[in-house]
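So the sequence shown is numbered by my numbering: it starts at 17 and just counts up by one.
Working notes for the structure below.
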Amino acid sequence: MKDVARVAGVSLGTVSNVLNQPDLVSPATRRRVVDAIAQLGFVRNESARQLRAGRSRTIGLVVLDVSNPFFTDVARGAETAAAENGSIIMLCNSGQKVEREARYLDLLEEQRVQGVLITPVGSDNARLDLLVARGTPVVLVDRGTEHPNWCSVAVDDVLGGLAAVSHLIERGHRRIAFVGGPMGLRQVSDRHVGAVKAMTDGGRDPGELMLFETTWLTLSSGRQAGERIVGLSEAERPTGVFCANDLLALGVLQALAGHGLRVPHDVAIVGYDDIDYAAAAAVPLSSVRQPRELIGRTATELLLDEMREGSSHQHRRVTFKPELAIRASSDMRRRRSSSARTARAARPAV
Ligand code: RIB
Numbered sequence: 017m018k019d020v021a022r023v024a025g026v027s028l029g030t031v032s033n034v035l036n037q038p039d040l041v042s043p044a045t046r047r048r049v050v051d052a053i054a055q056l057g058f059v060r061n062e063s064a065r066q067l068r069a070g071r072s073r074t075i076g077l078v079v080l081d082v083s084n085p086f087f088t089d090v091a092r093g094a095e096t097a098a099a100e101n102g103s104i105i106m107l108c109n110s111g112q113k114v115e116r117e118a119r120y121l122d123l124l125e126e127q128r129v130q131g132v133l134i135t136p137v138g139s140d141n142a143r144l145d146l147l148v149a150r151g152t153p154v155v156l157v158d159r160g161t162e163h164p165n166w167c168s169v170a171v172d173d174v175l176g177g178l179a180a181v182s183h184l185i186e187r188g189h190r191r192i193a194f195v196g197g198p199m200g201l202r203q204v205s206d207r208h209v210g211a212v213k214a215m216t217d218g219g220r221d222p223g224e225l226m227l228f229e230t231t232w233l234t235l236s237s238g239r240q241a242g243e244r245i246v247g248l249s250e251a252e253r254p255t256g257v258f259c260a261n262d263l264l265a266l267g268v269l270q271a272l273a274g275h276g277l278r279v280p281h282d283v284a285i286v287g288y289d290d291i292d293y294a295a296a297a298a299v300p301l302s303s304v305r306q307p308r309e310l311i312g313r314t315a316t317e318l319l320l321d322e323m324r325e326g327s328s329h330q331h332r333r334v335t336f337k338p339e340l341a342i343r344a345s346s347d348m349r350r351r352r353s354s355s356a357r358t359a360r361a362a363r364p365a366v
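Encoded structure:
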């Protein structure tokens with residue numbers, strides 16, 4: 017930096033301002049410093065800067081499954097918001113594993129990241145509380161919370177599950193299934209709560225909601241659940257299936273199609289997240305839309321607000337309303353079964 021200052025004919029402080037707060041420097045002076053940096057091939061030493069500043073310019077984002085487009089869309093929103101504020105996102109994949117999540121939180125704290133955005137695997141807040149207590153702010157992503165130590169950004173997943181199953185009931189489905197898990201993930205259990213509420217609101221026995229619980233929220237788990245559905249007799253098989261996310265739904269779709277079952281004619285399917293592959297599926301998938309990039313952007317902005325506001329920051333709970341996108345995979349009225357039609361026809365007119 018001293019060589020740059022000498023070549024540009026400015027003070028060391030001016031060079032630092034050009035690098036860290038360029039708006040404080042006049043365009044002409046900024047140009048001289050930038051030209052000197054280029055001429056000398058200067059590259060700042062981030063580690064040295066971090067040692068002086070005590071904090072990196074990195075924000076950690078810990079997601080459940082980096083192969084799920086839901087999270088890469090969330091990461092894109094976070095990255096854009098971070099870049100607008102001179103920060104970068106470090107994406108970490110917990111793989112829905114508590115130990116791996118804990119390891120990443122240790123690493124991020126050691127790196128002195130500006131803060132951590134996280135979709136937690138479990139519901140134990142202890143490690144995150146410790147992070148906050150030692151000066152690293154946290155924002156929960158895609159998870160509602162009543163916890164006092166951080167902000168959160170999520171969609172109302174109960175409302176999302178309610179919308180999905182109410183739609184299947186409205187389309188005339190009698191045998192409806194929920195595919196998803198693990199129920200220890202709050203977003204999954206909330207979607208299931210909404211599905212059960214839809215059964216009750218629709219005058220159905222909630223105990224009739226069939227449950228195909230999965231360990232993971234992946235295509236493969238969806239295929240496995242689809243194979244279980246195919247293995248049922250026609251009389252037992254659900255005619256309407258609500259899946260806890262789109263990857264599960266696409267897996268179910270794949271399994272049904274592989275056995276010649278038609279969607280939605282034999283089985284209607286509704287997913288959750290509305291990732292780009294939902295609308296692009298061979299049978300366009302109905303799905304409960306989450307504003308994925310907005311979730312990422314909002315979480316990052318809440319974190320940056322907390323960094324700026326310090327102890328005066330008021331934690332916020334941002335909850336978006338889900339929207340159901342109805343497409344071919346469920347957009348068909350279920351005709352009552354022939355036996356039900358026959359029984360109705362046999363009844364004397366009143
Ligand atoms: O990966 C788990 C699921 O939880 C995602 O598909 C998304 O729906 C999140 O809420």
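Note that the Cβ used here is the ideal one computed from N, Cα and C, for glycine as well.
Just so it is clear, the structure is predicted and the values come from calculations on it, not from any experiment.
For the pair residue 313 and residue 97, the CB atoms are nearer than the 7 Å cut-off. Pairing residue 269 with residue 285 gives a Cβ-Cβ distance under 7 Å.
Cβ-Cβ separation between residue 257 and residue 193: approximately 5 Å, consistent with a contact (criterion under 8 Å). Contact annotation, residue 77 with residue 91: C-beta distance approximately 6 Å; criterion of less than 8 Å satisfied. For residue 230, the closest of 263, 247, 196, 18 by C-alpha to C-alpha distance is 196.
Selection around the ligand RIB by beta-carbon proximity, strictly under 6 Å to any non-hydrogen atom, yields 80, 81, 84, 86, 158, 203, 233, 261, 288, 289 in chain order. By the Cβ-count criterion, residue 84 is buried, with 16 or more other Cβ atoms from all chains shown falling within 10 Å of its own Cβ. Each residue's CA atom was taken as its position, placing residue 142 and residue 163 some 11 Å apart. Look at residue 239 here: in three-state DSSP terms it is helix.
By the Cβ test, the segment 339-352 is not in contact with the segment 113-132, since fewer than three Cβ pairs between them sit closer than 8 Å.
The beta carbon of residue 318 sits closer than 8 Å to the beta carbons of 155, 167, 169, 332, 334 from its chain, once the five residues preceding and following it are set aside; these are given in chain order. Here residue 203 is buried: its Cβ has 16 or more other Cβ atoms, across all protein chains shown, within 10 Å. DSSP lists 168 as the bridge partner or partners of residue 333. At the C-beta level, residue 255 and residue 191 come within 7 Å of one another. As for any beta strand (DSSP E) of minimum length 3 sitting wholly inside the segment 206-263, the runs are 226-229, 256-259, ordered along the chain.
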